Amino acid sequence: MAVVAEQENEQEKGGGESADSTPKVDLSGLTGAEKAAILLLALGAEHGQAIWRDLDDEEVINVSLAMSRMGNVSKDVTEALLTEFISQMSLSGALIGGASSTERLLAEYLPPDRLSHIMEEIRGPAGRNMWEKLSNVQANVLANYLKNEYPQTVAVIFSKISTEHAAR
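Last residue of the sequence shown: 169 in our numbering, with the numbers rising by one and none dropped.
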């Protein structure tokens, strides 16, 4: 974490500030494990526990090792890292969920047998018909999909799915 110490020294000398008084912090010297460690420290135990649970042993060791070596992390470094994270998320545009995007994401991390089991649970039993499956689609996703359909098409679909779901 020499980068953090150097940046703190530069800021104490009055350097590293932009015209709008937002500190300029160079995060390029931080490893992925160090960035993850800072983010997880910022999240704290309560909000970070779901992430910790999903890490494998090697990842936990790498992030924990980075945490144990970093010492104090300035507010400016933390804010810059959070800003970088948010910026990267916003560059990708809107997040689009769905069974296929979920499966592609999980395929990156899970063994095929575990992925298959999880996707079966998400998709539901194969015996369900299309209308039952549509009844399980989130209301806002279904509405967004149907907004460009003819009113007659929407009426037919609403007549086939559960009344509670159609009313939303």
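For every residue, glycine included, the Cβ atom is placed at its ideal position computed from N, Cα and C. Values in this document were obtained by computation on a predicted structure and should not be read as measured data.
Q) With distances taken between CB atoms, is the gap from A81 to L28 smaller than 7 Å? A) Taking 7 Å as the Cβ cut-off, A81 and L28 qualify as a contacting pair.
Q. Do E133 and M120 have their C-beta atoms within less than 7 Å of each other?
A. Against a cut-off of 7 Å, the Cβ pair of M120 and E133 comes out as no contact.
Q) Roughly how many whole angstroms lie between the Cα atoms of H118 and S136? A) Across the structure, H118 and S136 are spaced so that their CA atoms are roughly 22 Å apart.
(Q) Beta-carbon within less than 7 Å of S163's beta-carbon, same chain only, minus the 5 sequence neighbours each way: which residues are those? (A) Once the five neighbours on either side are set aside, the close Cβ partners of S163 are S136.
Q. If L107 and L116 are in contact, beta carbons under 8 Å, what's the gap, nearest whole angstrom?
A. About 5 Å; that satisfies the 8 Å criterion.
(Q) Rounded to the nearest angstrom, what separates Y146 and S160 at their Cα positions? (A) Just so you know, the alpha carbons of Y146 and S160 end up roughly 16 Å apart.
Q: Kindly give me the distance between the Cβ atoms of I52 and V74, rounded to whole angstroms, as I take these residues to be in contact under 8 Å.
A: In this structure I52 does not touch V74 by the C-beta definition: roughly 18 Å separates them, more than the 8 Å allowed.
Q | Cutoff 6 Å; reference A140; Cβ partners in own chain excluding five residues on either side | A | Correct list, in chain order: R169.
Q.
Just verifying my parser: in three-state terms, what is the DSSP assignment at I62?
A. DSSP places I62 in helix when its eight states are reduced to three.
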